[in-house]
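Worksheet: one structure, shown below.
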Ligand code: IPE
Ligand code: IPE
Ligand code: MG
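In this note's numbering, the protein residues as written are 246 to 506.
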């Protein structure tokens, strides 16, 4: 239903005629793609560069991947930018990343808005620096009425943390007498997650060879298809993304039943 709702309500994508997209079966594209953009450090180290150079290159890759999502009118794209565990990294790397996020957002707001992107953040945004928090709020407010790709940036995000926050919110409401324990169902629980209103994740891509979730979208990816590649994130080109999307189109999804979807 999500697929249909989105596709019916929007004009055709800006670069839909790009030959890169020629053999894609558009009726079999994922509704909600979630990417673990991993391998920036390894990309840089392999070139004798500082890890930070890998993060800068990673931002360029992200810009191109978002363009593909816009061209193909993917309903939702969520990217893992910084996990609740990434604070364990050296201060210098964390500071660099936070400045990079400010830089990325301030430079990209106009173009994202022109591209009708609807930006949102997942995670504990409140704990970020005042500059980043303000910029995130400005950007989200400005794009609030956009109707194109839902572009979600998971920043200071952890799936376990998100589930715990939702659980505490529900416990508070029960304690306040606003809810009964038997009212707690999947719909209610999902309305308390950072992804409230977004469709379930149906496709998870992780670059750079590791095959794990690293605390990403634990609830939302319950029935997702997975696609792993050894390519490091800065080398993840639109062509690689298209390859992944085509692979998704060939997956047989059964959701516990017997019929393929
Ligand atoms: C992903 O690249 C970016 C973030 C986690 C912020 P990494 O920095 O994890 O790169 P590797 O995994 O060390 O190569
Ligand atoms: C996951 O990558 C987080 C992001 C891409 C932001 P990590 O590099 O932090 O994951 P681990 O530590 O290898 O599991
Ligand atoms: Mg990593």
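Beta carbons: idealized from backbone N, C-alpha and C, even for Gly.
Predicted model, so just to flag it, every value in this text is computed and none were measured.
In the DSSP assignment, residue 353 falls within the unbroken alpha helix (DSSP H) covering 336-359.
Sequence-distant Cβ neighbours of residue 264 in its own chain, meaning closer than 7 Å and more than five residues away, do not exist here. Taking the Cα of residue 268 as reference, the smallest distance to any Cα among 310, 317, 296 is reached at 317. 7 Å or more divides the Cβ of residue 380 from the Cβ of residue 345. Positions of the beta strand (DSSP E) runs, each at least 3 residues long and wholly inside the region 453-489, are given as 470-473 in order along the chain. Relative to ligand 1, the beta carbon of residue 404 is positioned no closer than 6 Å to any heavy atom. Between ligand 3 and residue 283, a heavy atom-to-CB distance of less than 6 Å is present. In this model, residue 462 and residue 436 are separated by some 14 Å (Cα to Cα).
The three-state secondary structure of residue 448, taken from DSSP, is strand. Non-local beta-carbon contacts of residue 471 in its own chain, meaning distances under 7 Å to residues more than five positions away in sequence, involve 449 in chain order.
Residue 365 holds the alpha-carbon nearest to the alpha-carbon of residue 382 among 421, 365, 401, 473. When secondary structure is reduced to three states using DSSP, residue 398 falls in the strand class. One Cα belongs to residue 363, the other to residue 505, and the distance between them is close to 32 Å.
Taking residue 428 as reference, the option from 438, 439, 440, 415 with the minimal CA-CA separation is 415.
Relative to ligand 2, the beta carbon of residue 328 is positioned inside 6 Å of a heavy atom.
The C-beta distance from residue 307 to residue 314 rounds to 10 Å, too long to fall under 8 Å, and the pair is not in contact. In the structure shown, residue 292 falls within a coil segment according to DSSP collapsed to helix, strand and coil.
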